[in-house]
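S.K.: The structure that follows is given in the form of structure tokens.
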Amino acid sequence: MIILGIDPGYAIVGFGIIEYNSNRFRMIEYGAITTDAGVPFNRRLEIIYDDLTALIEKYRPAAMSVEKVFYNSNAKTVIDVSQARGVIMLAAQKTHTRVFEYTPLQVKQSVVGYGRAEKKQVQDMTKRILGLTEIPKPDDAADALAMAICHAHAGSSCLDPAAGMRIRKGI
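Here the sequence shown is numbered in the numbering used here, starting from 105 and rising by one per residue.
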């Protein structure tokens, strides 16, 4: 199964694509979709949508794992990230890709085995699970790979349409 993990943002959208078969992981690709601060916000959203759609069409993942947005002290940042997350969800909808959402706590629990793990611990374990020689950069890409690993671990119980968001044509 090919899984696309997404760490949503509007300046940087981390992505990680893995293959998971018979409890074995293989890293396919990782990176980031970036947008410049000087670009109008609507154009930044368009770039995210277009680049993510191209990734989905290239790799045809069976599932997309997306981090749930949580509120922090900066309301404007949360709103802007939520808008970017909306175009990420739209790209999945338009390409008929199933979406599964996980909280940071769920990702930490799944990857490290401890829901209060530090970011560095999650990144190191992601590196180990995927058999990489170094922690992926940027951090957003490492986070996205952890999202994909989380779905691989949780996905065996989530693959029934009632458990995840089922994307159907024409909805």
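Every residue gets a Cβ at the ideal spot worked out from N, C-alpha and C, and that includes glycine. Here the structure is a predicted model, which means the values were calculated and not measured.
If I measure Cβ to Cβ from glutamine 227 and keep anything under 6 angstroms in the same chain, skipping five residues before and after, which residues do I get?
M.R.: Correct list, in chain order: Ile239 and Ala246.
S.K.: Within 10 Å of its beta-carbon, does tyrosine 206 have 16 or more other beta-carbons around it, so buried, or fewer, so exposed?
M.R.: Buried: at least 16 other Cβ atoms inside 10 Å.
S.K.: Can you tell me whether DSSP reads valine 191 as helix, strand or coil?
M.R.: Helix at valine 191.
S.K.: So, helix, strand or coil for aspartate 244, using DSSP?
M.R.: It is helical.
S.K.: Please classify valine 117: does DSSP put it in a helix, a strand, or coil?
M.R.: The answer is strand: DSSP assigns valine 117 an E or B state.
S.K.: Going by DSSP, what residues sit across from asparagine 125 in a beta bridge?
M.R.: Answer is Arg128, bridged to asparagine 125.
S.K.: Quick one: residues in its chain with C-beta nearer than 8 angstroms to the C-beta of phenylalanine 129, no 5 flanking neighbours on either side, listed in chain order?
M.R.: So the qualifying residues of the chain are Ile122, Glu123, Ile233, Leu234, Gly235, Ile253 and Ala256.
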